[in-house]
Each structure stands twice: as structure tokens, then as C-alpha cells.
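J.: Following this message is one structure expressed as C-alpha cells.
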Amino acid sequence: MSRSAHPAGPRHADVLPEGHYSAPPADLNALDPKVWARTVGRDGDGVLNVGGIPVTRLAEEFGTPAYVLDEADFRARARSWRDAFGADADVFYAGKAFLSRAVVRWLDEEGLNLDVCSGTELATALSAGMPPERIAFHGNNKSEAEIRRAVEAGVGRIVLDSFQEIVRVAHIAESLGKRQPVQIRITVGVEAHTHEFIATAHEDQKFGIPLAGGQAAEAVRRALRLDGLELIGIHSHIGSQIFDMSGFEVAAHRVVGLLREIRDEHGVELPEIDLGGGLGIAYTSDDDPREPHEIAKALTEIVTRECEAARLRTPRISVEPGRAIVGPTAFTLYEVGTVKPLEGLRTYVSVDGGMSDNIRTALYDAEYTVALVSRTSDAAPMLVRVVGKHCESGDIVVKDAFLPADLAPGDLIAVPATGAYCRSMASNYNHALRPPVVAVADGAARVIVRRETEEDLLRLDVG
Ligand code: LLP
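For the sequence shown, our numbering assigns the number 761 to the initial residue and increments by one for each residue that follows.
Printed below as a string of C-alpha cells:
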């Protein structure tokens, strides 16, 4: 369909329905560096480039939808976290945000450690050559087989999540003649300012052992008694997409309080504390995330101050950012299929993916932005809702945004900041084939996770 054949005319920004969008941006062609990967820009023709490659070429070569990941940006962000925390702290990239063997190798090369939370994430890490001693193994219900695999591999730490798991890991380690380094994950009673489902340090939830009522202290008592365990520290993760450091401040205060109790009761000063991940990124221009060096400074100061007050040696700090490293480095490239103006409401723009490649909007009411990337346009802004092609009305990718009113089928649009928890939470709903992850760097593009094929799906369906 040609642009001029647009059926009922666009919905212009002059009459806007209710919604929580801000006013249309002054320049629809501008790309806010806060939400886009660092090597993104427009070339002379207005086509968005990333890693030196125009998205039109990426779409031609790899198809759409596709996740496009800026390798230089990923490495730079990983490095800035490592440099910010320095040699006296450890940065564990949280693999749940997005894990692939290429990513594991980049992390290894950039000197980061890795947090995995399933046996298959562990297998991915090991198969890409991550040294096991730089892997932390998480999870609230690790199977015996997973624990055995982790202990046999020699992972640097297992993060214990329940009383039963303390015994389970100890038995397995002993049966293998090993003493497994472990941390105990506690919940400190902090509810971080985030979506209810991703806040994790309040007590009424499945992760961790509550500090309240002396339960965490009891867990420590039991762990210290078991020969198969070497208790190296305490772990706390307070939630996700957090901008305000005050939650970490309270968490650090309470974790250090427990370290002091442990010293007083057992005469042992645990050498490490892990403050988890959860640092926020910009999904839209309204978000203002902190830089890694500010976060490192704030966390180190808090822990040092608390330890001085408790007369404890400052433990080695570790953190587990996932989203803050990979989130901003990728965008999802879609082709526009249908443009449907709904009189008096908004225009629905349907793309060739949807909730199967980004469930976050449906699940968390997450906000995203979108841009026309195969060209620029001087047309007026129109209020759009970007939706997928799935059989569900909640199949929304971007709830409210503005795109140029001459948007037409065949145009490429991109949703930035989809590097974290989009591919890793992708599904085969409606037998959608999960999109590839294409890494770009220095004018070259390569597939690091290939697109699923019909054969992949049918192979699982054994009749
Ligand atoms: N460490 C632990 C123990 C965690 O549970 C998590 C995330 C992280 C680190 C990494 O958090 P990050 O820095 O990436 O926020 N699917 C949700 C997020 C769930 C996060 C679960 N745990 C989302 O799409 O927002």
C-alpha cells in the first residue's frame, strides 16, 4: 500500500485521548541517546545506523523482527561497571537478563563474573568457557541435579535460598568430597520502588530467608555447622528497575547488622556481601538512571560507613547488574504491517512480532518508546499504540507513543532498550518463531542467537 493510500487519515496530535503519554516530541526524527545504544545514529538518508550498519540492510539480511545488539556498547557498559567497582569488588552480570555464548565470552574478556539461575544457564556459561570460579549460582528451587552439576563444576559460589537448601547443598558437596563456598540470600524487609512483581526484598515472597524473627541468623548458625559448606557471605537483592539508592542504603544497613551479629555470636567476620542487581535504565526520556561510578561510590560508601560503625572489617562487595548492562544495548527491529486509525482514539500500528518477543509491556505495564528508523519524515506526529500480531488484545509492545502520520506498511520501526528480559522471556505464543539476536560492531553484523524455524518447533512436537 502506498503512503497516500492511508485509509482514514492519521490521528494527529491536536486531539488527544486520555493516556499517560507526554506531549509529542519536538522532533520525531531525533534519537534520544539516553534510550538508544551508543553507536546509533542516522545516516545522510535518514536511515538509522548501528555499529556502522543501516537497519535497512539488517532487515534485508536477517529479517524482522530481530533484536539488534550493539556489541561495543555492551562491552563499554560491562567495562564501566567493572572499572567503577575496581579491584576490591566483583561485578556479576545477571545472565537472566540475556544470556548467550557470545555474551559470556564478552563478559569473560571484559573481566566480569556471571550470575546464573538455572542448570541450563550454567551449562551455557560453562560451554562458552566462563571460568567456574567466576560463576554464582542462584535460584529458590535448584534441583539436586543442578546443585551437583554446580558443585562438580566448581562454581565460585552457590547462593542458598532456604533452610532445606542449606542441608541439600551441604550433603551434595560432602558426598563429592568438597567444601562449597556459599552465600545466604536474606530478605531485609525493604520494598524497592518498582513494580509489585519484581520487588524482592519484602518478606512475603518466595526468595530468600527473612532477617525478621531471627530466621537469617538461624540459617547462618546451621550453615556454619556443616562441613560441606564454606559460608563466605550474605546476599540481598531488593528489586528491579530501581533509581533511588535509599533502598540499598537500608539493605546495606541491615545486612551489616547481621554481619555484626554473626561476629558477636560466632567470632566470625564473613568476608563478602552481595547487594544484588536491580539498577534502573532509561526506557523512555523520562527515566534518569545513575551512572555505574555513582552507584559504585554510593554503595561502597554506605557499606564502609556501616562497617566502621559496627567495627567490622569492610567486606568485599559484589553486585549483580543485568538490565543496566544489556538493556540499553539492544533494540527490536520490526516491520510495520498494518496501520489502523481508530477515530477519536489512536492509531494502532501492527508489527510482525509482539508479546512473544516483548512480554514486558503486558506483564509489567512497562513503558517503551518507538521510532521510525528506515527513513525520516516531516509529517505531523500521530498518537500510536504499537501492537503485535498475536491473538490477544493485550498484545501491546508500546502503549502510547508518537510516530509520523505518514507511517505506512513496509516501514521499519524500532523499540529501544529491549536488551534485557525480552529475548530471555520470549515465547512461542501462537507458534511464533523467536527472533534472532544480531550483534553489530565495526560495520559487521553476525547472528549470535539464530531465528527459530518451523523445523525447530516441529521437532519438539513428537506427535
Ligand atoms: N540478582 C538477583 C538475585 C536477581 O534476582 C536479579 C533479577 C538480578 C540480580 C538482576 O536484576 P537487574 O539488574 O537485571 O534488574 N523480568 C523482570 C525482571 C526480573 C528480575 C529478576 N531478578 C523484568 O523484565 O523487568
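Yeah, the Cβ is synthetic: ideal placement off N, Cα and C, and Gly gets one too. Just so we're clear, the structure is a prediction, and the values are computed from it rather than from any experiment.
1. Quick one: measure Cβ to Cβ for V865 and G889, integer angstroms, because I've assumed they're closer than 8 Å.
2. With DSSP run on the structure shown, which of helix, strand or coil describes R1135?
3. At what residue ranges does the segment 881-922 contain a whole run of the beta strand (DSSP E), taking only runs of 3 or more?
4. Quick one: what's S1110 bridged to in DSSP?
5. Which residues in the same chain have their Cβ closer than 7 Å to the Cβ of H1191, if we skip the five residues on either side of it in sequence?
6. Exposed or buried, what is G1154 when buried is set at 16 or more other beta-carbons lying within 10 Å of its beta-carbon?
7. Should A1042 and P1081 be called a contact, given that it needs their Cβ atoms to be closer than 8 Å?
8. Taking 7 Å as the cut-off, is the C-beta of L1088 nearer than that to any heavy atom in the ligand LLP?
9. Of the residues V980, P1141, A1140 and D1160, which one's Cα is nearest the Cα of V1147?
10. Which residues bound the beta strand (DSSP E) around A854?
11. Heavy atom of the ligand LLP less than 7 Å from the Cβ of K856, yes or no?
12. Which value, in whole angstroms, describes the spacing of the CA atoms of R985 and R1065?
13. Do the CB positions of I1173 and V1130 come within less than 8 Å of each other?
14. Which parts of the segment 788-835 are runs of the alpha helix (DSSP H), unbroken and 4 residues or longer, counting only runs that do not cross its ends?
15. Let me make sure I understand the geometry here. Which of P784, A783 and L791 has the alpha-carbon closest to that of L1132?
16. On a CA-only basis, which of R1135, P1164 and D1138 is nearest R1145? Give me that one, please.
17. How should D803 be labelled, buried or exposed, when 16 other C-beta atoms within 10 angstroms of its C-beta is the threshold for buried?
18. Say the cut is 7 Å; is the CB of S860 nearer than that to a heavy atom of the ligand LLP?
19. From E963, P970 and E893, pick the residue whose C-alpha is nearest to that of V942; which is it?
20. Would you kindly report the start and end of the unbroken beta strand (DSSP E) that includes Q943?
21. So, are the CB atoms of E1032 and P1075 less than 8 Å apart?
22. Helix, strand or coil for F1091? Go by DSSP, reduced to three states.
23. Alpha carbons only, please: which of A896, L818 and V927 is nearest the one belonging to E904?
24. In terms of residue numbering, what span does the beta strand (DSSP E) encompassing G993 cover?
25. Where does R1076 sit, in a helix, a strand or coil, going by DSSP?
26. Would you identify the three-state DSSP class for E1212, choosing helix, strand or coil?
27. My output table needs one value for P1169: the three-state DSSP class, helix, strand or coil.
28. With a cut-off of 8 Å, do at least 3 Cβ pairs link the segment 1197-1210 to the segment 825-836?
29. Kindly indicate which three-state DSSP category A1042 falls into: helix, strand or coil?
30. Have a look at E1212 and G1170 and give me their C-alpha separation to the nearest angstrom.
31. Tell me the residue span of the alpha helix (DSSP H) that contains P1052.
32. Taking 7 Å as the cut-off, is the C-beta of P1230 nearer than that to any heavy atom in the ligand LLP?
33. In the DSSP assignment, find the unbroken beta strand (DSSP E) run with V1186 in it and report its ends.
34. Cα-Cα, which of E881, G823, N809 and H1053 is closest to L1193?
35. Consider the C-beta atom of Y1181 and the heavy atoms of the ligand LLP; say whether any pair is separated by less than 7 Å.
36. Give the C-beta separation of I1022 and A1011 to the nearest angstrom, bearing in mind that I take them to be a contact with Cβ-Cβ under 8 Å.
T.: In brief:
1. Note on identity: in this sequence residue 865 is Arg, with Val being the wrong assignment. Cβ atoms of R865 and G889 come within 8 Å of each other, at about 7 Å.
2. The answer is coil: DSSP assigns R1135 none of H, G, I, E or B.
3. DSSP runs (the beta strand (DSSP E)) wholly in the segment 881-922: 895-897 and 917-920.
4. Bridge partners of S1110: T1098 and V1147.
5. Answer for H1191: L1217, listed in chain order.
6. Result: exposed.
7. No Cβ-Cβ contact shorter than 8 Å links A1042 with P1081.
8. The sequence given here places Pro at residue 1088; Leu does not occur at that position. For the ligand LLP, not one heavy atom lies less than 7 Å from the Cβ of P1088.
9. Distances from the alpha-carbon of V1147 to those of V980, P1141, A1140 and D1160 put D1160 closest.
10. Under the DSSP assignment, A854 falls in the beta strand (DSSP E) whose first and last residues are A849 to A854.
11. Within the chosen limit of 7 Å, the ligand LLP reaches the beta carbon of K856 through at least one heavy atom.
12. Straight-line spacing of the CA atoms in R985 and R1065 works out to 30 Å.
13. Cβ atoms of I1173 and V1130: closer than 8 Å.
14. Under the rule that a run must span 4 or more residues, the alpha helix (DSSP H) segments found entirely inside the segment 788-835 read 815-822.
15. Out of P784, A783 and L791, the CA that lies nearest to the CA of L1132 is found in L791.
16. Of the listed residues, the one whose Cα sits closest to R1145 is P1164.
17. Exposed, because fewer than 16 other Cβ atoms sit within 10 Å of the Cβ of D803.
18. The ligand LLP never approaches S860 closely enough for any of its heavy atoms to be under 7 Å from the residue's Cβ.
19. Nearest of E963, P970 and E893 to V942, Cα basis: E893.
20. Start and end: Q940 to T947.
21. Their beta carbons are under 8 Å apart, which means E1032 touches P1075 by this criterion.
22. DSSP places F1091 in strand when its eight states are reduced to three.
23. It is V927.
24. Taken as a continuous stretch (DSSP letters only), the beta strand (DSSP E) holding G993 covers L989 to H995.
25. For R1076, the secondary structure class from DSSP, reduced to helix, strand or coil, is strand.
26. E1212: coil per DSSP, three-state reduction.
27. If DSSP states are grouped into helix, strand and coil, P1169 belongs with coil.
28. By the Cβ criterion, the segment 1197-1210 is in contact with the segment 825-836, since at least three pairs of Cβ atoms, one from each stretch, lie closer than 8 Å.
29. Under the three-state reduction of DSSP output, A1042 falls in the coil class, being neither helix nor strand.
30. For E1212 and G1170, the distance between alpha carbons rounds to 22 Å.
31. Membership of P1052 in the alpha helix (DSSP H) is indicated by the continuous run P1052 to A1070.
32. The question about residue 1230 has no answer here: the residues shown for the chain are numbered 761 through 1223.
33. Sequence inspection shows Ala at residue 1186; the Val mentioned does not correspond to that position. From DSSP, A1186 is part of no beta strand (DSSP E); its letter is neither H nor E.
34. With distances taken between Cα atoms, L1193 lies closest to G823.
35. With a threshold of 7 Å, the Cβ atom of Y1181 counts as near the ligand LLP, since some heavy atom of the ligand is closer than that.
36. Contact between I1022 and A1011 fails: their C-beta atoms lie close to 17 Å from each other, not under 8 Å.
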